[in-house]
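The sequence shown maps to residues 1 to 353 in UniProt numbering. Using N, Cα and C, we set each Cβ at its ideal position, and we do this for glycine too. This report concerns only the one structure given below.
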Amino acid sequence: MTIIIIIRPKIINDYKALPFILFLEFLPGTEQMLITTQTGELYLRAMDGSEDIAVEGVPEDIVVEGQGGLGDVVAAPDFEESQRVYLSWVTSDEDGTGAAVGHAELNGSDSGAELEDLTVIWEQTPFTSGSGHFSHRMAFSPDGEHLFVTSGDRQEMDPAQDLGSGLGKIMRLTPDGEPAQGNPFADEGGVAEEIWTYGHRNALGIEFAPDGQLWVSEMGPEGGDELNAIEEGDNYGWPEASNGSHYGGGEIPDHADADDFAAPAAWWTPSISPGSLMIYDGELFEEWQGDAFLGALSGEALVRVGLDGQSAEDEDIWDMEERIRDVAEAPDGSIWLIEDGDDAALLQLTPAD
1 MTIIIIIRPK
11 IINDYKALPF
21 ILFLEFLPGT
31 EQMLITTQTG
41 ELYLRAMDGS
51 EDIAVEGVPE
61 DIVVEGQGGL
71 GDVVAAPDFE
81 ESQRVYLSWV
91 TSDEDGTGAA
101 VGHAELNGSD
111 SGAELEDLTV
121 IWEQTPFTSG
131 SGHFSHRMAF
141 SPDGEHLFVT
151 SGDRQEMDPA
161 QDLGSGLGKI
171 MRLTPDGEPA
181 QGNPFADEGG
191 VAEEIWTYGH
201 RNALGIEFAP
211 DGQLWVSEMG
221 PEGGDELNAI
231 EEGDNYGWPE
241 ASNGSHYGGG
251 EIPDHADADD
261 FAAPAAWWTP
271 SISPGSLMIY
281 DGELFEEWQG
291 DAFLGALSGE
301 ALVRVGLDGQ
311 SAEDEDIWDM
321 EERIRDVAEA
331 PDGSIWLIED
341 GDDAALLQLT
351 PAD
């Protein structure tokens, strides 16, 4: 097995001054990445660390409290032509708070960068009180035709089993935020037209494998963190089944063959708190092609899980001695990590010599 070493970027102090870096996205056809912070900033950064640009035009209605803030960022499948990027964030109305997704054109030059024509294309339904379990991670299908969005249960649990609620679901949308044709519950009408799968708690990672299989990593309650192979129309059990227990000791039935719920391909008790998911498709670590990598928050680790179809196999856990928020693959095949917290570092992993 290849031993990995950590290489810190040449310029790191700027990032240690930024509170709560969350997620990064490498921009196709460029030597740049976008980085979000929970407090609502978006930065365009050169991969070599030579330049950081604060991007203007981010949403003005971001609610930062709790697990809110600016969230995910992904490049459109046709980014090299359209310069379109997608953002998620938490916003509010008279009913409470909820996640939103929008797209905009990224306009960058030597003098700065800005988002133009920001358009909200999707909002979590319903908005509710509280400040947790928004999820709002995004992934495009390999053909670029569908946008998948994770929608957390907002710590209300029961709506995850209700097809009349958008909470505790994975949504399948068009690139403009409309319900995609062929969704399994379209005949139910309303928000059910958007739903691809249900019975989710707080899915903070979503990624397609090179073979086209969709995977989601999900935070369990006390224990029972999950890595799930996603299949159209399946019910993943929350809160009726979990390999964890409620905080405070309340029991939840474990996943069982006879319960008609889709069981996780891998699960962790005690919790590792998976905050992100990347499935490797590069050439720098050839033996890891098609493997899942998860950033562990409470576990303070990088976790690798071998995948085979819809099954999870061998596993490695590397102690990072810091909470790991995000994992991403760079165009050169190196693996990048974001530490969690107000003094977060940006790390690059390459093979040892």
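When the options are compared against residue i, the one with the closest alpha-carbon
i: ALA180; options: VAL74, GLY164, LEU147; result: LEU147
i: SER271; options: LEU337, GLU300, ALA209; result: GLU300
i: GLY309; options: SER273, GLY290, GLN124; result: GLY290
i: ALA328; options: GLN124, HIS200, GLU114, VAL303; result: VAL303
i: residue 356; options: GLY49, PRO142, ALA76; result: Only positions 1 to 353 of the chain appear in the structure, and residue 356 is not among them; the question remains open.
i: ILE195; options: LEU163, TRP215, PRO175, SER217; result: LEU163
i: THR30; options: THR39, GLU286, THR36, ALA46; result: ALA46
i: GLY68; options: THR37, LEU42, ALA54, GLN83; result: THR37
i: ALA99; options: GLU116, VAL149, ILE279; result: VAL149
i: GLY49; options: MET33, GLU321, ALA256; result: MET33
i: ALA265; options: GLU218, GLY250, GLY233, TRP288; result: GLU218
i: ASP78; options: PHE20, ASP52, GLY144; result: GLY144
i: LEU284; options: ILE335, ASN243, VAL191; result: ILE335
i: PRO142; options: GLY212, ASN183, GLU116; result: GLY212
Delimiting residues of the alpha helix (DSSP H) encompassing residue i
i: PHE79; result: 79-82
Supposed contact pair residue j and residue i - C-beta distance, whole angstroms, cut 8 Å
i: TYR86; j: VAL101; result: 6 Å
i: GLY168; j: PRO159; result: 6 Å
i: HIS133; j: ARG154; result: 5 Å
i: GLU313; j: ARG323; result: The pair is not a contact, with the Cβ atoms about 26 Å apart (cut-off 8 Å).
i: GLU56; j: GLU114; result: 4 Å
i: ARG325; j: GLY275; result: 5 Å
i: THR91; j: SER131; result: Incorrect: roughly 12 Å between the Cβ atoms, too far for contact.
i: residue 356; j: PHE208; result: As shown, the chain starts at 1 and ends at 353. That puts residue 356 outside it, with no answer to give.
i: GLY282; j: GLY333; result: 3 Å
i: THR269; j: GLY224; result: 6 Å
i: GLU321; j: VAL305; result: About 21 Å; that fails the 8 Å criterion.
Outcome for residue i when other beta-carbon atoms lying within 10 angstroms are tallied against a minimum of 16
i: SER129; result: exposed
i: MET1; result: Note on MET1: pLDDT 29, under 50, position unreliable in the model; the coordinate value appears next. By the 10 Å Cβ count, MET1 comes out exposed.
i: ASP14; result: Residue confidence is low: ASP14 scores 41 on pLDDT, short of 50, so the model does not pin down where it sits. No coordinate-derived value is stated.
i: HIS246; result: exposed
i: GLY166; result: buried
i: TRP318; result: exposed
i: ASP95; result: exposed
i: GLY71; result: buried
i: SER88; result: buried
i: ILE351; result: The displayed chain sequence assigns Pro, not Ile, to residue 351. PRO351 is exposed by the Cβ-count criterion.
i: SER109; result: exposed
i: THR119; result: exposed
i: ASP61; result: exposed
i: GLU226; result: buried
i: PRO28; result: exposed
i: PRO210; result: exposed
i: SER311; result: exposed
i: GLY205; result: buried
i: GLU25; result: buried
i: SER273; result: buried
i: GLU156; result: buried
i: ALA192; result: buried
i: SER242; result: buried
Residues sharing a beta bridge with residue i, DSSP
i: GLU123; result: ALA100
i: GLU322; result: GLU322 is not bridged to any residue.
i: ILE35; result: LEU24, TYR43
i: ASN107; result: GLU114
i: ASP89; result: It should be pointed out that residue 89 corresponds to Trp in this sequence rather than to Asp. Per DSSP, LEU70, ALA100.
i: ASN183; result: Partner(s): none; ASN183 has no beta bridge.
i: ALA292; result: ILE279, VAL305
i: GLU178; result: DSSP output for GLU178 lists no bridge partner at all.
i: SER311; result: ASP308
i: GLU329; result: ILE335
i: ILE62; result: None; ILE62 has no bridge partner.
Endpoints, the beta strand (DSSP E) within which residue i is located
i: PRO351; result: 346-351
i: MET47; result: Segment: none, MET47 is in no beta strand (DSSP E) and carries neither H nor E.
i: MET157; result: No beta strand (DSSP E) contains MET157, which DSSP labels as neither H nor E.
i: ASN228; result: 225-230
i: THR150; result: 147-151
i: THR197; result: 195-198
i: TRP336; result: 335-339
i: LEU70; result: 70-75
i: ALA139; result: 135-140
i: PHE208; result: 203-208
i: VAL216; result: 214-218
i: ILE170; result: 169-173
i: GLY275; result: 274-279
i: ILE53; result: 52-56
i: LEU307; result: 301-308
i: ALA241; result: From DSSP, ALA241 is part of no beta strand (DSSP E); its letter is neither H nor E.
i: ALA266; result: 266-268
Beta carbon proximity, residue i to chain C, threshold 8 Å
i: HIS103; result: Although the question refers to chain C, the structure presented lacks it and comprises just one protein chain.
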